[in-house]
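Enquirer: Quick one: structure below, then a few questions.
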Amino acid sequence: AVASRRHPAQRVMGAVKAYVQFLTRRAWVPVLLMVILALVAAPFALQLGSTTTDNFAAAPNTKSYTETAEIEGVFPSVFNDRETLYIQCSGGSCGCTEQACEGFQGVLNSFSSKLDKYHTSGVLYSTSSVFNFTGDLAALRGQYYNSTANSMLVDLQFSATAPEDQVTEAVTAAIDATTDLTTGDFKLYLTGQNAARIASTAVAGKALGMTDGIGTIFIVLLFGWQVRSWRLTLIPVFNTVLCLAITLALVYPLSKSGAIQLPSYVPSVCLFLSIALSVDYSFFHLSRFQEVRRQGLGLEDAVEQMVTTAGRVVLVSGVVLLFTWLALAAFPVFGTDTLGYCASISIFVCISVNLTLNPALVLLFPKFFGNAAQDPWHCCRRRRAAEEEV
Numbered sequence: 102a103v104a105s106r107r108h109p110a111q112r113v114m115g116a117v118k119a120y121v122q123f124l125t126r127r128a129w130v131p132v133l134l135m136v137i138l139a140l141v142a143a144p145f146a147l148q149l150g151s152t153t154t155d156n157f158a159a160a161p162n163t164k165s166y167t168e169t170a171e172i173e174g175v176f177p178s179v180f181n182d183r184e185t186l187y188i189q190c191s192g193g194s195c196g197c198t199e200q201a202c203e204g205f206q207g208v209l210n211s212f213s214s215k216l217d218k219y220h221t222s223g224v225l226y227s228t229s230s231v232f233n234f235t236g237d238l239a240a241l242r243g244q245y246y247n248s249t250a251n252s253m254l255v256d257l258q259f260s261a262t263a264p265e266d267q268v269t270e271a272v273t274a275a276i277d278a279t280t281d282l283t284t285g286d287f288k289l290y291l292t293g294q295n296a297a298r299i300a301s302t303a304v305a306g307k308a309l310g311m312t313d314g315i316g317t318i319f320i321v322l323l324f325g326w327q328v329r330s331w332r333l334t335l336i337p338v339f340n341t342v343l344c345l346a347i348t349l350a351l352v353y354p355l356s357k358s359g360a361i362q363l364p365s366y367v368p369s370v371c372l373f374l375s376i377a378l379s380v381d382y383s384f385f386h387l388s389r390f391q392e393v394r395r396q397g398l399g400l401e402d403a404v405e406q407m408v409t410t411a412g413r414v415v416l417v418s419g420v421v422l423l424f425t426w427l428a429l430a431a432f433p434v435f436g437t438d439t440l441g442y443c444a445s446i447s448i449f450v451c452i453s454v455n456l457t458l459n460p461a462l463v464l465l466f467p468k469f470f471g472n473a474a475q476d477p478w479h480c481c482r483r484r485r486a487a488e489e490e491v
């Protein structure tokens with residue numbers, strides 16, 4: 102009975118030993134395969150941004166989604182994206198009379214000319230301003246012009262049936278037009294759902310970039326200090342790049358085909374998971390590798406111990422994390438189900454890449470990683486000792 106209980110464990114140990122022996126002879130094989138996979142994935146990963154959406158609609162296959170689709174099919178204009186252009190004049194000669202608003206008319210004509218191609222293609226569905234109401238409709242002009250504030254509103258409707266990337270492009274062009282035409286006495290502002298999203302994304306993108314940059318430096322320093330070697334910090338950096346490229350490439354066909362609706366924040370979550378898990382799983386492996394090396398074991402034996410003990414931790418914790426995130430797919434809320442699918446893909450890729458590359462990279466460069474220091478500050482101590490001797 103005891104022998105039968107040990108038998109599966111012995112088979113696992115035998116498989117691990119055979120795997121390490123294979124890596125000792127041909128460590129370049131899994132590394133090359135992963136690099137090729139990442140290079141093939143890179144073009145698709147770079148295109149993923151074009152498939153994202155910020156249209157917080159009902160989740161597919163729900164009652165709300167079906168009813169919304171039926172209404173949109175009959176009354177598409179109800180779902181048009183409405184943006185409001187606000188034009189303010191601070192000069193004394195730009196007001197409107199009952200006959201004309203020359204200054205405002207000139208600014209609006211210039212604005213419209215910059216969006217001509219979107220009006221022609223139907224992306225810009227309609228433009229409503231004080232100039233649309235003449236004759237019997239002149240009484241409605243007061244909704245668009247405020248003589249006290251010397252300002253004007255222009256209602257822009259972007260077609261709900263146009264592709265989302267074209268609407269985003271048109272709204273971006275409108276934002277750029279307001280910047281170009283804000284000169285002299287006139288100031289222009291564009292407000293609305295898409296305008297606010299585009300403006301906030303530009304600000305948030307810079308903030309995220311700075312946060313990631315600062316955070317990555319801190320993570321690398323902490324990792325190097327904990328594993329007691331700066332050479333080993335190259336492994337999680339390499340793994341992170343591969344994990345991110347492969348993950349985004351796997352998500353791309355799902356988003357492109359319409360199988361999932363991909364909110365714009367989900368790729369950022371994939372990035373955070375790739376960084377966090379690659380560092381975490383590499384730390385499990387390499388800290389164990391360093392610990393065994395300090396006990397005097399050789400490189401191959403240390404890698405075998407690393408795969409046997411730390412590898413089991415990575416696999417178990419990764420599987421638990423994968424199913425935890427996958428549970429989000431059961432929530433029929435826009436973005437939440439997609440987040441569950443994409444996060445699970447990220448975790449699966451991180452498990453696969455780290456279990457494969459951490460031992461492979463160490464054995465592919467045995468002299469470089471085999472001589473990894475056990476003291477992260479040994480270079481500084483060695484320099485100081487040499488100075489004291491002199």
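Read in order, the letters of the sequence shown correspond to residues 102 to 491 in our numbering.
Just so it is clear, CB atoms sit at the ideal spot from N, CA and C, and this is done for glycine as well.
All values derive from a computational prediction rather than experimental measurement.
(1) Per the contact definition of three or more C-beta pairs closer than 8 Å, is the region 405 to 418 in contact with the region 356 to 374?
(2) What does the alpha-carbon distance come out to for the pair Arg332 and Leu465?
(3) Span of the beta strand (DSSP E) holding Phe145?
(4) Over what stretch of residues does the alpha helix (DSSP H) that includes Cys344 continue unbroken?
(5) Starting from Cys443, trace the alpha helix (DSSP H) both ways and give me its first and last residue.
(6) Hey, how far is the Cα of Ala116 from the Cα of Val450?
(7) Helix, strand or coil, according to DSSP, for Val224 in the structure here?
(8) Looking at the structure shown, is Lys118 part of a helix, part of a strand, or coil, going by DSSP?
(9) Keeping to the same chain, check which residues put their C-beta closer than 6 Å to that of Cys344; ignore five residues upstream and five downstream.
(10) If I follow the unbroken alpha helix (DSSP H) through Ile188, where does it start and stop?
(11) Are Val224 and Ala271 closer than 8 Å when you measure CB to CB?
(12) Run through DSSP, which three-state label would Val434 get?
(13) Is it buried or exposed, Ile276, if we count other Cβ atoms within 10 angstroms and call 16 or more buried?
(14) Run through the DSSP bridge pairs and tell me what Ser252 is partnered with.
(15) Is the beta carbon of Ala461 closer than 8 Å to that of Val132?
(16) Under a Cβ-count criterion, where at least 16 other Cβ atoms within 10 Å of its own Cβ denotes burial, should Ser214 be classed as buried or exposed?
(17) Tell me the rounded alpha-carbon separation between Asp286 and Glu203.
(18) What did DSSP end up calling Tyr290 once you bin it into helix, strand or coil?
(19) Across which residues does DSSP place Leu493 in a beta bridge pair?
(20) Could you please give the first and the last residue of the uninterrupted alpha helix (DSSP H) stretch that includes Ala170?
(21) Does DSSP classify Val420 as helix, strand or coil?
(22) Please work out which residues of its chain come closer than 8 Å, Cβ to Cβ, to Phe469, disregarding the five sequence neighbours upstream and downstream, and give them in chain order.
(23) For Pro264, which residues does DSSP report across the bridge?
Expert: This is what the structure gives:
(1) no
(2) 14 Å
(3) It is not in any beta strand (DSSP E) - Phe145 instead sits in the alpha helix (DSSP H) that spans Trp129 to Gln148.
(4) Leu335 to Lys357
(5) Thr437 to Leu465
(6) 22 Å
(7) coil
(8) helix
(9) Ser375, Ser379, Val450, Cys451 and Val454
(10) Taken as a continuous stretch (DSSP letters only), Ile188 belongs to no alpha helix (DSSP H), being part of the beta strand (DSSP E) at Asp182 to Cys190.
(11) yes
(12) coil
(13) buried
(14) Gln189 and Asn247
(15) yes
(16) exposed
(17) 13 Å
(18) strand
(19) Residue 493 lies beyond the stretch modelled for the chain, which goes from 102 to 491, so this question has no answer here.
(20) Lys164 to Val175
(21) helix
(22) Arg332
(23) Bridge partners of Pro264: none, in fact.
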